[in-house]
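Here's the structure, in structure tokens; my notes come after.
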Amino acid sequence: MTTVDKRAPRLHVDGAILGYKRALRTQNNHVSLIKIKGCDSKEDADFYLGKRVAYITKAQDGSFRVNWGKVCRRHGSNGVVRCRFRRNLPPQSIGSRVRVMLYPSNI
């Protein structure tokens, strides 16, 4: 007899903030580059277009604050995507984790 897992299904995939979209001498703070776990090709990245992204921080009073964004397009051919957030991500966020929500669905 198998045991039934009563937990709710996970609705997000982890990702890492790589930095801002940039050129040699300029950087665009309003576009962030996100590497999604398990996303390694152009075709994989196309699935995440339009998905919501959450950058979660902890406030001094113990509550959590969420900065919401959206995946707007791919970046390159190895599964990195570009995201725009409602408030630009701070420089301290580079290297930290985000949650890429699996909604809204486009299939």
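Residues 1 to 107 (the numbering used here) are what the sequence shown spells out, left to right.
Don't be surprised by glycine CBs; every beta carbon is placed ideally from N, CA and C.
Bear in mind the structure is a predicted one, so any value in this text is a computation, not a measurement.
What do you reckon, are the CB atoms on Gly-15 and Pro-104 nearer than 8 Å?
-> no
Kindly list the residues whose CB is nearer than 8 Å to the CB of Leu-11, restricted to its own chain and excluding five residues on each side of it in sequence; keep chain order.
-> Met-101, Leu-102, Tyr-103
Looking at the unbroken beta strand (DSSP E) that takes in Asp-14, where does it start and where does it end?
-> 12–22
Cα-Cα separation, Ser-41 to Ile-34 | 14 Å
Taking the alpha-carbon positions, what's the Asn-88 to Gly-69 distance?
-> 9 Å
Verify whether the separation of the beta carbon atoms of Leu-18 and Val-80 is less than 8 Å.
-> yes
DSSP on Ala-54, reduced to helix/strand/coil?
-> strand
Minimum C-alpha distance to Asn-78 - residue among Asn-29, Glu-43, Arg-7, Val-4 = Glu-43
Exposed unless 16 or more other CB atoms sit within 10 angstroms - verdict on Cys-72 | exposed
Helix, strand or coil: which one does DSSP assign to Ser-63?
-> coil
Does DSSP put Lys-35 in a helix, in a strand, or in coil?
-> strand
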